Amino acid sequence: MKIGVGLYNTSTRASSGNQIVHVEFDSFSKPEWDPKTEHVGININSISSANYTAWNASRHSNDIADAWISYNSRKKILSVSWKYHTTSTSQENTSLSQEIKKLYK
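Under full-length UniProt numbering, the first residue of the sequence shown is numbered 1, with each subsequent residue one higher.
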């Protein structure tokens with residue numbers, strides 16, 4: 001059974017041997033590992049988000065978004081931010097950061 005867009009399967013989704021960082025724009029919540037809301041998450045060695053913020057994907061349906069992912073190697077901080085062309089509002093959180101020191105063994 002494939003899960004997580006092919007990054008993990010049922011035997012590797014919680015493995016300590018994983019060495020992967022990914023950003024997810026997740027519009028489908030899976031109760032076993034996701035928060036109970038659509039979200040943008042930063043995942044480190046796991047299918048579960050190390051940090052996330054709520055994201056209302058349906059509010060932005062059919063809108064184009066630009067996303068930026070940056071990494072500060074000195075501080076080991078991964079950041080993601082995004083902006084929609086026509087449906088952005090100032091009330092939405094459109095950025096997220098996470099320290100990723102624990103990626104290194």
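All C-beta atoms in this analysis are idealised placements derived from N, C-alpha and C, irrespective of residue type, glycine included. Note that the structure is predicted; figures quoted are calculated from it, not measured.
N- and C-terminal bounds of the beta strand (DSSP E) containing residue 106: Nothing can be reported for residue 106: it is not among the residues displayed for the chain, which extend from 1 to 105.
Check whether the Cβ atoms of residue 79 and residue 90 lie closer than 9 Å to each other. no
Which residue from 45, 97, 60 puts its Cα closest to that of residue 83? 60
Please tell me whether residue 87 and residue 66 are closer than 9 Å, where the distance is taken between their beta carbons. With respect to residue 66, residue 87 sits apart: the two C-beta atoms are not nearer than 9 Å.
In chain order, each beta strand (DSSP E) run of at least 3 residues that lies wholly inside the region 17-80: 21-26, 39-44, 49-54, 65-72
Classify residue 98 as buried or exposed, calling it buried when 16 or more other Cβ atoms lie within 10 Å of its own Cβ. buried
Between the C-alpha atoms of residue 39 and residue 51, what's the straight-line distance to the nearest angstrom? 10 Å
Exposure of residue 24, with buried meaning 16 or more beta-carbon neighbours within 10 Å: buried
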